[in-house]
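K.L.:
Got a structure for you, questions after.
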Amino acid sequence: MAKEAIKVQVGETINYEATATIANGDVIPFAANRIGVARDDAITGEIIAVALTGVWTIAATTADAVAVGDVLYFDATAREVTTTAASNMVAGMAITAKAGATAGAVDVLIG
């Protein structure tokens, strides 16, 4: 009987072909349900490693109050995480808090 699945990678990072110029640390949105973080710089067409797991410090929407455990979403236009789900993709879970009406960043568990 043939295997239905064959392990290719551990999955903590994947190979990704850059569709634009990317800097190490850039958030890479995948469809509407996942983000990754670039581990290298790249220009269009280059293959780089993108992390799909881990805790990352990501800029957060100034207006949002964030509590530890909140589900956060990535706003690809503003390039920051938010507590607003509408038209944004799931980024992960907040590991640190941030007061509302305060500029800053939060640690986000992605994956």
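First residue of the sequence shown? That's 13 in the working numbering, and the numbers climb one at a time after it.
Glycine residues also receive a C-beta, built at the ideal position from the N, C-alpha and C atoms.
Under DSSP, the beta strand (DSSP E) around T108 begins and ends at which residues?
P.N.:
For the purposes of this step, residue 108 is identified with residue 96 of the sequence shown, where counting begins at 1. Run containing T108: none; DSSP gives neither H nor E here.
K.L.:
Three or more beta-carbon pairs under 8 Å between the stretch 81–89 and the stretch 26–36, yes or no?
P.N.:
Contact between the stretch 81–89 and the stretch 26–36 is absent, because fewer than three Cβ pairs lie under 8 Å.
K.L.:
For the structure I just gave you, are there three or more beta carbon pairs, one from the stretch 105–118 and one from the stretch 57–66, closer than 8 Å?
P.N.:
Flag = no, the stretch 105–118 and the stretch 57–66 do not touch.
K.L.:
Taking its Cβ as the centre, do 16 or more other Cβ atoms sit within 10 Å of K15, making it buried, or is it exposed?
P.N.:
Along the sequence shown, read from residue 1 onward, the residue named residue 15 stands at position 3. K15 is exposed by the Cβ-count criterion.
K.L.:
Taking the beta strand (DSSP E) that D119 falls in, what are its first and last residues?
P.N.:
Taking the sequence shown and counting its residues from 1, the one referred to as residue 119 is at position 107. Residues 116–122.
K.L.:
If I follow the unbroken beta strand (DSSP E) through E29, where does it start and stop?
P.N.:
Translated into positions along the sequence shown, residue 29 becomes position 17. Start and end: 25–29.
K.L.:
Who does G66 pair with in a DSSP beta bridge?
P.N.:
In the sequence shown, residue 66 corresponds to position 54, counting from 1. Paired residue(s): I122.
K.L.:
Would V67 and I107 qualify as a contact pair, given that the criterion is a beta-carbon distance under 8 Å?
P.N.:
The residue you call residue 67 lines up with position 55 of the sequence shown. The residue you call residue 107 lines up with position 95 of the sequence shown. In contact: V67 and I107 (Cβ atoms closer than 8 Å).
K.L.:
I think V93 touches I70, with their Cβ atoms under 8 Å apart; what is that distance to the nearest whole Å?
P.N.:
Indexing the sequence shown from 1 puts residue 93 at position 81. Indexing the sequence shown from 1 puts residue 70 at position 58. Right, their Cβ atoms sit about 5 Å apart.
K.L.:
Within this structure, are the beta carbons of D124 and A61 separated by less than 8 Å?
P.N.:
The displayed coordinates of the chain run from 13 to 123. Any statement about residue 124 would go beyond what the structure contains.
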